[in-house]
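Chemist: Residues 14 to 422 in the numbering used here are what the sequence shown spells out, letter by letter.
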Amino acid sequence: MDAIYENAHVTFIAATGSDAESGLPGVSFGRRTAQAQVQFGDLQLLSTMRHPSLLIYTSTWSKRGWTFQEALLSCRRLFFTEDQVYFECRSIHCQETVKVDFDFIRSKSKKSGDSYHSPGLFNMLSNQETDMSIAAELPKTLIAAYGLISKFSERKLSLESDSLRAFLGILRYLSRLQPSVRHFWGLPVAVNEDLANITEDFTRGLLWSRRTPDREQRRSQFPSWSWTSWAGPVSFFYLESSNFLPRCRPKIELEFEEGSQMGLSTAMVSPMFSTCSDFYPIALHVECTVILPAALEFSKVNLTGMRPKLFNAPVNIIYSEPLVDLSDVYIMLETQEVELLLLYSTPEPAQIAGLLVKHYYGYALRVGMWECSIALDSTVDGNLAVRIGNSVHDLKLDLHWKRKRTRIV
Numbered sequence: 014m015d016a017i018y019e020n021a022h023v024t025f026i027a028a029t030g031s032d033a034e035s036g037l038p039g040v041s042f043g044r045r046t047a048q049a050q051v052q053f054g055d056l057q058l059l060s061t062m063r064h065p066s067l068l069i070y071t072s073t074w075s076k077r078g079w080t081f082q083e084a085l086l087s088c089r090r091l092f093f094t095e096d097q098v099y100f101e102c103r104s105i106h107c108q109e110t111v112k113v114d115f116d117f118i119r120s121k122s123k124k125s126g127d128s129y130h131s132p133g134l135f136n137m138l139s140n141q142e143t144d145m146s147i148a149a150e151l152p153k154t155l156i157a158a159y160g161l162i163s164k165f166s167e168r169k170l171s172l173e174s175d176s177l178r179a180f181l182g183i184l185r186y187l188s189r190l191q192p193s194v195r196h197f198w199g200l201p202v203a204v205n206e207d208l209a210n211i212t213e214d215f216t217r218g219l220l221w222s223r224r225t226p227d228r229e230q231r232r233s234q235f236p237s238w239s240w241t242s243w244a245g246p247v248s249f250f251y252l253e254s255s256n257f258l259p260r261c262r263p264k265i266e267l268e269f270e271e272g273s274q275m276g277l278s279t280a281m282v283s284p285m286f287s288t289c290s291d292f293y294p295i296a297l298h299v300e301c302t303v304i305l306p307a308a309l310e311f312s313k314v315n316l317t318g319m320r321p322k323l324f325n326a327p328v329n330i331i332y333s334e335p336l337v338d339l340s341d342v343y344i345m346l347e348t349q350e351v352e353l354l355l356l357y358s359t360p361e362p363a364q365i366a367g368l369l370v371k372h373y374y375g376y377a378l379r380v381g382m383w384e385c386s387i388a389l390d391s392t393v394d395g396n397l398a399v400r401i402g403n404s405v406h407d408l409k410l411d412l413h414w415k416r417k418r419t420r421i422v
């Protein structure tokens, strides 16, 4: 579909009605809303009517998952609303109720034409909002991927099995930009020539969370570590470039259906995948630091609504499954049925983050993520430590933490 929309001369969009059979107002049925006008001698006053963005953003069309790529990939879009026709492309936008002389505007100052000489409502790489200053460090295409996934996840799908298929056109478009974005079951990574940041980008992408964990259902046909595995809105956890100590740096391998396993960088350059923009491993093998129960403090009086602490620093746990009492999660942490995998560490602001996984026989499922405002450090003898303000606490191997390999499906 990406090729169809990108090569179309113009895409007609019915931003009215409740389904594809509703037709175009003023063409397929009835008259549109009349434009109010008043005549004062030689002066004619016209209503500009409701701004098209209001009607477009509140339409059924804008809430459907499959129309997302239609909006973003089309070079030119002609919207039919209840009030008027609205046009936009990647350079300008205009509406039927406001007559604009573009030759006149171009002859004036740049400021005069700025309101029209802009891409409008749907632009692929701009308008990806984040209040995280860290986003400036990330490749523009990766920021766009995170923002677009978040917006797409807010839309509705008739078939939950389409959660990736309806977004593939966007991912293919991003794969043709620089730096190129490839994906693993929808999880984006920016690919530079040296593949230096591939593991960092991948682990950052794993740190997504559901915005409405009290609703929606699990899509069992997708891997638990991908955002595609849950219906409903998701957000990505923006972090600075990781500063992991060498002994804590995570290692990730991909497992494929034929049983082979290979690292992220190896997969990118292997003859089997070097020309691919998408990867579909059946499992991840994650070797990383695991925080053990002895490092955590739990309230024995009232666990409900409480958070475990890592050396007095609260651990914020974002659990994916709906209607789960967090006290049950904390009990599973104590028994190691659920574990905290440490995947990311940043110095400023001091923060560590990772995945929450639940163990089954021979595999684990991603059931959430966690983060804590502390910094990793090392002791004189090379052991791990955490720094909270001016205080440093030792993390003892096999008591507070251990290195472990986990198979996540």
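Virtual Cβ for every residue (Gly too), placed ideally from N, Cα, C.
In this text, all values refer to a predicted model and were calculated from it rather than measured experimentally.
(1) Since A179 contacts L170 with CB under 8 Å, what's their CB separation in whole angstroms?
(2) First and last residue of the beta strand (DSSP E) that includes P327?
(3) Taking M281 as the reference, give the member of F197, S239 and I330 with the closest Cα.
(4) Below 7 Å CB to CB, which residues in the same chain sit around V405 once its five sequence neighbours on both sides are set aside?
(5) Are there 16 or more other CB atoms within 10 angstroms of the CB of I211, so buried, or fewer, so exposed?
(6) Going along the chain, which residues of its own chain have a beta-carbon closer than 7 Å to the beta-carbon of S188, five neighbours each way excluded?
(7) In the structure shown, what three-state DSSP assignment does L412 receive?
(8) So what's N315 in DSSP terms, helix, strand or just coil?
(9) May I have the straight-line CA-CA distance separating C107 from R89, to the nearest angstrom?
(10) Given this structure, state the Cα-to-Cα distance separating G199 from L181, to the nearest angstrom.
(11) Ignore the nearest five residues each way along the sequence and tell me which others in S72's own chain have a CB closer than 7 Å to its CB.
(12) If I follow the unbroken alpha helix (DSSP H) through A158, where does it start and stop?
(13) Relative to the C-alpha of I401, which residue among R262, L368, Y186 and A326 is closest?
(14) Classify Q82 as helix, strand or coil using the three-state DSSP reduction.
(15) Distance check for I295 and Q97, CA to CA, integer angstroms please.
(16) So what does H106 bridge to, in DSSP terms?
(17) In the structure shown, what three-state DSSP assignment does S188 receive?
(18) What span of residues does the beta strand (DSSP E) with P201 cover, start to end?
(19) Can you give, in chain order, each stretch of the alpha helix (DSSP H) that sits fully within the stretch 267-306 and has at least 4 residues?
(20) Identify, in the order they occur along the chain, each residue of the same chain with its Cβ nearer than 7 Å to the Cβ of L134, setting aside the five sequence neighbours on each side.
(21) How about the stretch 15-23 and the stretch 52-60: do they share at least three Cβ pairs that are nearer than 8 Å?
(22) Does the beta-carbon of S283 have 16 or more other beta-carbons within 10 angstroms, so that it is buried, or is it exposed?
(23) Determine the DSSP secondary structure at T212, reduced to helix, strand or coil.
(24) From P263, M285 and C261, pick the residue whose C-alpha is nearest to that of E271; which is it?
(25) Report the option in T419, F324, K153 and H64 whose CA atom is closest to the CA atom of C301.
(26) Measure the alpha-carbon distance for F235 versus F311 and round it to whole angstroms.
(27) Would you identify the three-state DSSP class for F53, choosing helix, strand or coil?
Modeler: In this structure, then:
(1) Indexing the sequence shown from 1 puts residue 179 at position 166. Indexing the sequence shown from 1 puts residue 170 at position 157. The Cβ separation is near 6 Å, so the contact holds.
(2) Taking the first residue of the sequence shown as 1, we reach residue 327 at position 314. Start and end: A326 to Y332.
(3) Start at 1 with the first residue of the sequence shown, and residue 281 comes out as number 268. Here the closest residue by C-alpha is F197.
(4) Position 392 of the sequence shown, counting from 1, holds the residue named residue 405. Once the five neighbours on either side are set aside, the close Cβ partners of V405 are D390 and A398.
(5) Taking the first residue of the sequence shown as position 1, residue 211 is located at position 198. Per the 10 Å Cβ criterion, buried.
(6) Indexing the sequence shown from 1 puts residue 188 at position 175. Taken in chain order, the residues that qualify are V194, R195 and S290.
(7) The residue you call residue 412 lines up with position 399 of the sequence shown. Of the three classes helix, strand and coil, the one that applies to L412 here is coil, per DSSP.
(8) Start at 1 with the first residue of the sequence shown, and residue 315 comes out as number 302. Only weak support exists for where N315 lies, its pLDDT of 47 falling under 50; the value from the coordinates is given anyway. Note: N315 maps to coil in three-state DSSP.
(9) Residue numbering aside, residue 107 sits at position 94 when the sequence shown is read from its first letter. Residue numbering aside, residue 89 sits at position 76 when the sequence shown is read from its first letter. Their Cα atoms are separated by approximately 12 Å.
(10) Looking up residue 199 in the sequence shown gives position 186. Looking up residue 181 in the sequence shown gives position 168. Straight-line measurement puts the Cα of L181 at about 8 Å from the Cα of G199.
(11) Locating residue 72 in the sequence shown gives position 59, where the first residue counts as 1. Within the same chain, S72 has close Cβ partners A28 and T29.
(12) For the purposes of this step, residue 158 is taken as the residue at position 145 of the sequence shown. Note, A158: alpha helix (DSSP H), K153 to S166.
(13) The sequence position of residue 401 within the sequence shown is 388, counting from 1. Of the candidates R262, L368, Y186 and A326, the one whose C-alpha sits nearest the C-alpha of I401 is A326.
(14) If you number the sequence shown from 1, residue 82 lands on position 69. Note: Q82 maps to helix in three-state DSSP.
(15) Walking along the sequence shown from the start, residue 97 turns up at place 84. Walking along the sequence shown from the start, residue 295 turns up at place 282. Straight-line Cα distance between these residues: approximately 49 Å.
(16) On the sequence shown, position 93 is the one that residue 106 refers to. Partner(s): E101.
(17) For the purposes of this step, residue 188 is taken as residue 175 along the sequence shown, with counting starting at 1. Of the three classes helix, strand and coil, the one that applies to S188 here is helix, per DSSP.
(18) What you label residue 201 is simply residue 188 of the sequence shown in a count that begins at 1. Taken as a continuous stretch (DSSP letters only), the beta strand (DSSP E) holding P201 covers L200 to V204.
(19) 277-282
(20) On the sequence shown, position 121 is the one that residue 134 refers to. Only S66, I69 and E101 meet the Cβ criterion.
(21) no
(22) Locating residue 283 in the sequence shown gives position 270, where the first residue counts as 1. Per the 10 Å Cβ criterion, exposed.
(23) As a working mapping, residue 212 is identified with position 199 in the sequence shown. Of the three classes helix, strand and coil, the one that applies to T212 here is helix, per DSSP.
(24) Within the sequence shown, numbered from 1, the residue matching residue 271 stands at position 258. Per the Cα distances, M285.
(25) One-based indexing of the sequence shown puts residue 301 at position 288. Restricting attention to T419, F324, K153 and H64, the CA atom closest to the CA of C301 is found in T419.
(26) Walking along the sequence shown from the start, residue 235 turns up at place 222. Walking along the sequence shown from the start, residue 311 turns up at place 298. Approximately 33 Å, taken between the alpha carbons.
(27) Locating residue 53 in the sequence shown gives position 40, counting from the first residue. Looking at F53 - three-state DSSP - the assignment turns out to be strand.
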